[in-house]
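Notes to accompany the following structure.
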Amino acid sequence: MDDGNDEPKEIDFVDTALDDLRAFPDDARRDAGYQLDKVQNGEEPDDWKPFPTVGPGTREIRIAEDGNAFRVMYVAKFDDKIHVLHCFEKKTKATPKKDIDLARKRYASLKREFRK
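Residues are numbered in our numbering as their position in the sequence shown, beginning at 1, plus a constant of 47.
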């Protein structure tokens, strides 16, 4: 997925996403950083899935550490940045509605911003 550009894409953490990521346990935080670095450099994360219910182009990085599940939702289609919408620990099999709704709200806000 190399786009020929050697410059890593900038990361924009939307609202509290950076603080939420910093609250992850050390290993999960390091893994999330590594996965985002891969995305910045045009590579695919090791474990991800599309998350179109949040918005077109949204992806979810899946991180498993010590039996816990952590998620980083991002979108990279609006400009030359990676916009991290939401970072959270997943405690149930299905992604909680409150986490999907929060990511949707942030996606919609970004979309409005880029329409201006």
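Built from N, CA and C at the ideal position, the CB exists for glycine as well. Every value quoted in this text rests on a predicted model; they were computed, and no experiment measured them.
Assign residue i to one of three DSSP states: helix, strand, or coil.
| i | result |
| --- | --- |
| Asp-78 | helix |
| Val-101 | coil |
| Val-86 | helix |
| Ala-64 | helix |
| Lys-96 | strand |
| Lys-124 | coil |
| Pro-107 | It is Glu, not Pro, that sits at residue 107 in the sequence shown. In this structure, Glu-107 counts as strand in the three-state DSSP scheme. |
| Glu-91 | coil |
Using the DSSP secondary-structure output, state which residues sit across from residue i in a beta bridge.
| i | result |
| --- | --- |
| Thr-27 | Here the chain comprises residues numbered 48 to 163, so residue 27 is not present and cannot be evaluated. |
Taking the beta strand (DSSP E) that residue i falls in, what are its first and last residues?
| i | result |
| --- | --- |
| Ala-150 | From DSSP, Ala-150 is part of no beta strand (DSSP E) but of the alpha helix (DSSP H) over 144–162. |
| Asp-59 | 57–60 |
| Ala-70 | Careful: Ala-70 lies outside any beta strand (DSSP E) and carries neither H nor E. |
If the criterion is Cβ atoms closer than 9 Å, does the pair residue i and residue j meet it?
| i | j | result |
| --- | --- | --- |
| Asp-78 | Ile-110 | yes |
| Asp-146 | Arg-118 | yes |
| Val-101 | Arg-151 | yes |
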